[in-house]
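Residue numbers (this note's numbering): 310 to 664.
All C-beta atoms, glycine included, are put in the ideal place defined by N, C-alpha and C.
The structure under discussion appears below in the form of structure tokens.
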Ligand code: TXA
Ligand code: MG
């Protein structure tokens, strides 16, 4: 057990002494959790093998699952990559700092521990004042996966990080909630046609405006594309799934509500504890009377950004209940809705009922 330092930092009025203390820990090979605009990350010196091993140990992460390196200035990528493909410039210019991770061929100074043994490396520049100041002050590239125990949802609040990593890391920066709430888009530009390996709020449409044709990897949750368009790369890692079995119901809203009510009755008759994930628009259409039930709303369908921001929080809340079956509404598969559906698809292990 480590003695984890809790460092409260106000993102709007950053205390440089606190940042300096965390930067010092990073330079010395320690591991520090910090907020970004997407989710909290667990950082270490990307070029220090021993430090990187501590990240994998603290998270219980398989050693071949590569990390993302976080930088604070575009020129910081130069020593980390073998080359910068022409197509990288436009997207870096347009989307950095921001929730876009780009895969490059890696240079020799990046240890294999960081890249999970791959010859490529993922890099992004976060759009969060605390993250940027921490990277700048430490003066090193910071490798950081999401700051959760492997197999749990990514943390969007400091308290999620504390739940998972107290006693396992050197410091946790408490710096407010992450406003995007889903992880960055991962874009591979090492091949001829760019491929989205993980959907995020930087959408295919946004990337195609800069890059032309972009593929979406099949396991990355593109619902409309054929297999050959996917570029053949597969995400092999298990994703978060709740302790309860989760079923997502997709269709028009009335049919969704009807199906969820029917499934609820069916499972309750079998003696199962049922939970429902709904939206503000539908919350009162699940009669709260009958069996004991946990109903949680993701928020209003009019504000999909807030649904994305609260999704992982709600999923974590269910793991604290004794619910055995979660029945979850789908959202419209448009823009950020696609990202929400990707994470729901993964959380349910692809258990989607279309009505
Ligand atoms: O928003 C985010 O990206 C957050 C914040 C902390 O920056 N980070 C994050 O990291 O979500 P992580 O480690 O939980 O997810 C990184 C993803 C993994 O799916 C990993 O397999 C993929 O990026 N990845 C990393 N390097 C890669 C590479 N060289 N080739 C293909 N995929 C890679
Ligand atoms: Mg993660």
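Any heavy atom of ligand 2 counts here; residues with a Cβ closer than 6 Å to one of them, in chain order, are 454, 455 and 463. Taking all protein chains shown into account, residue 371 has fewer than 16 neighbouring C-beta atoms within 10 Å of its C-beta and is therefore exposed.
Look at the segment 394–469 and you find these whole runs of alpha helix (DSSP H), each 4 residues long or longer: 395–404, 421–424 and 438–447. Collapsing the DSSP output to three states places residue 569 in a helix.
Under the three-state reduction of DSSP, residue 507 is assigned to strand.
Assigned with DSSP and collapsed to three states, residue 643 falls in coil, not helix or strand. Taking the Cβ of residue 327 as the reference point, every heavy atom of ligand 1 lies at 8 Å or farther away. Cβ neighbours of residue 326 within its own chain (closer than 7 Å, five residues either side excluded): none. Shortest Cα-Cα distance from residue 478 to any of 396, 334 and 647 involves 334. Unbroken alpha helix (DSSP H) runs of no fewer than 4 residues, entirely contained in the segment 572–641, are found at 613–628, following chain order.
By the CB criterion at 9 Å, residue 394 and residue 505 fall outside the cutoff. In this model, residue 658 and residue 617 are separated by some 19 Å (Cα to Cα). Remark: the shortest separation between the CB of residue 519 and any heavy atom of ligand 1 does not fall under 8 Å. In the structure shown, the three-state DSSP call for residue 516 is helix.
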